[in-house]
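So the sequences go chain by chain: D and E. When we follow our numbering, the leftmost residue of the first sequence carries the number 135, and every step to the right adds one. When we follow our numbering, the leftmost residue of the second sequence carries the number 2, and every step to the right adds one. Even for Gly, the Cβ is constructed at its ideal location relative to N, Cα and C.
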Amino acid sequence: MSKKILTVDDSRTIRMIIRRAFKAHDCTFVEAGNGEEGLAVAAKEKPDLIILDITMPVMDGATMLGRLRQDPDLKGIPVIMLTAESGQDNVARIAGLGISDYVVKPFKDDVLLEKASKVIPLALLQAA
Amino acid sequence: MQTTNVQVIGEVCELLNSGISEVFSTMFSQSVEAISPPDLRLTQEVLIAGSVGFVGEANGVVYVHLTESFAKSLASGMLQMPENELDDEMVNDAVAEISNMIVGSVKSNLCDRGFPCVLTIPSIVRGRDFGAEASAGSERASLGFQCGPGQLFVEVLARPPQ
């Protein structure tokens with residue numbers, strides 16, 4: 135069954151890289167450029183997984199995650215955080231936010247796929 | 002003990018070597034070598050600079066300069082799209098993200114070394130003849146890197162803690 139993934143990142147480049155990483159898998163994508171948009175898209179689309187950047191304008195990823203966890207309809211959606219900061223303090227902080235996993239940028243496609251597949255079952259697309 | 006600009010500049014320059022190597026090896030499978038800071042203006046090309054600031058116990062800005070043609074080739078590699086299908090906005094966004102990854106790596110290590118700080122949102126400047134100048138009380142350093150077929154000119158400005 136196709137999985138719906140919401141990517142929330144202010145970088146269009148990163149959103150395209152994520153979409154490309156899953157191209158062999160049966161997934162559909164919805165996107166948002168900041169946390170505020172991300173909450174609205176999550177409420178409308180009810181994704182199976184959210185891939186969420188931390189540092190964004192308007193509303194950052196940590197704030198969006200906090201709001202998500204307070205919403206009875208959305209709090210069960212698994213979240214993988216993306217961060218450009220691999221420092222010990224940052225990793226400890228985001229690990230405590232109630233996430234399924236995190237990926238440090240720069241990342242290779244297979245690292246993201248491996249982590250996502252541990253959170254939701256990913257099926258390969260059938261060859262035409 | 003108060004952090005000095007000279008300390009910050011030294012730490013950032015050292016960390017940029019590993020940060021740039023990590024980004025280019027992971028994203029582009031390219032090796033990186035430190036070189037003398039190149040004068041990219043001699044190329045007569047449009048130049049693009051991605052800048053990301055860090056604020057906290059260490060304060061400053063890192064500018065990552067490259068030619069438009071090198072930026073396009075990197076964006077093409079990141080997005081796996083032909084260069085002729087990339088618009089300026091896509092190239093700018095790719096340079097902003099590369100700068101963010103590089104300075105994110107530097108910032109992480111600065112924090113681990115006892116200089117807690119946060120990053121600013123990346124921004125982009127385009128033009129043919131521009132550079133960063135240190136204001137009073139600031140320190141400036143410039144570095145060069147050969148990254149596969151292209152070069153980066155990197156400027157670091159450090160300001161006293163606020």
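Alpha-carbon spacing of residue i relative to residue j, whole angstroms
| i | j | result |
| --- | --- | --- |
| proline 39(E) | threonine 147(D) | 27 Å |
| lysine 256(D) | serine 136(D) | The residue you asked about is not lysine; residue 256(D) is leucine in the sequence shown. Using only the alpha carbons, I get a separation of about 8 Å. |
| phenylalanine 163(D) | arginine 153(D) | 7 Å |
| arginine 129(E) | leucine 48(E) | 6 Å |
| phenylalanine 241(D) | leucine 216(D) | 9 Å |
| leucine 87(E) | aspartate 94(E) | 11 Å |
| cysteine 14(E) | leucine 259(D) | 46 Å |
| cysteine 148(E) | asparagine 18(E) | 11 Å |
| glycine 11(E) | alanine 159(E) | 10 Å |
Minimum C-alpha distance to residue i - residue among the options
| i | options | result |
| --- | --- | --- |
| serine 74(E) | Arg114(E), Arg129(E) and Ile99(E) | Ile99(E) |
| methionine 82(E) | Ile139(D), Met135(D), Met150(D) and Thr141(D) | Met150(D) |
| aspartate 244(D) | Asp144(D), Val142(D) and Ala155(D) | Ala155(D) |
| isoleucine 125(E) | Gly78(E), Leu158(E), Gly54(E) and Ala59(E) | Gly54(E) |
| isoleucine 254(D) | Met198(D), Asp235(D) and Gln260(D) | Asp235(D) |
| leucine 111(E) | Gly221(D), Ser251(D) and Met198(D) | Gly221(D) |
For residue j and residue i, believed in contact at Cβ under 8 Å, the rounded distance
| i | j | result |
| --- | --- | --- |
| glutamate 179(D) | leucine 140(D) | 6 Å |
| valine 1(E) | glycine 61(E) | The question about residue 1(E) has no answer, for chain E in this structure spans 2 to 163. |
| valine 145(E) | serine 37(E) | Checking the displayed sequence, the identity of residue 145(E) turns out to be glycine instead of valine. Going by Cβ atoms, the distance from glycine 145(E) to serine 37(E) rounds to 5 Å, so yes, they are a contact pair. |
| valine 63(E) | valine 104(E) | 5 Å |
| serine 70(E) | glutamate 46(E) | 6 Å |
| glycine 263(D) | leucine 186(D) | Chain D is shown only over 135 to 262; residue 263(D) falls outside these bounds and no answer can be derived. |
| valine 238(D) | lysine 249(D) | 11 Å between Cβ atoms; not a contact. |
| alanine 196(D) | leucine 231(D) | 6 Å |
| alanine 177(D) | aspartate 207(D) | 7 Å |
Min CB distance residue i to chain D below 8 Å
| i | result |
| --- | --- |
| serine 37(E) | no |
| threonine 44(E) | no |
| serine 32(E) | no |
| glutamate 15(E) | no |
| serine 22(E) | no |
| glycine 11(E) | no |
| aspartate 94(E) | yes |
| serine 19(E) | no |
| threonine 27(E) | yes |
| asparagine 85(E) | no |
| asparagine 101(E) | yes |
| asparagine 6(E) | no |
Test: residue i CB closer than 8 Å to a CB of chain E
| i | result |
| --- | --- |
| glycine 221(D) | yes |
| alanine 218(D) | yes |
| methionine 162(D) | Before going on, a small fix: residue 162(D) reads as threonine here, not methionine. Cβ-Cβ to chain E under 8 Å: no for threonine 162(D). |
| proline 191(D) | yes |
Exercise. Listed from N- to C-terminal order along the chain, which residues in the segment 51 to 82 of chain E have their beta-carbon within a distance smaller than 8 Å of any beta-carbon of chain D?
Worked result: Ala76, Met79, Leu80 and Gln81
For this session: With 8 Å as the limit, tell me which residues of the segment 113 to 143 of chain E have their beta carbon closer than that to any beta carbon of chain D; keep them in chain order.
Result: Answer set for the segment 113 to 143 of chain E: Asp113, Pro117, Leu120 and Ile122.
Problem set entry | Contacting positions in the segment 223 to 242 of chain D - beta carbon closer than 8 Å to chain E | Only Asp223, Asn224, Lys239, Pro240, Phe241 and Lys242 from the segment 223 to 242 of chain D bring a Cβ to less than 8 Å from some Cβ of chain E.
For this session: Could you name the residues of the segment 142 to 153 of chain D whose beta carbon sits closer than 8 Å to any beta carbon of chain E, in the order they occur along the chain?
Result: Listed in sequence order: Asp144, Ser145, Arg146, Thr147, Ile148, Met150 and Ile151.
Problem set entry | Residues in the segment 198 to 209 of chain D having any Cβ partner in chain E nearer than 8 Å | none
Exercise. Listed from N- to C-terminal order along the chain, which residues in the segment 144 to 160 of chain E have their beta-carbon within a distance smaller than 8 Å of any beta-carbon of chain D?
Worked result: none
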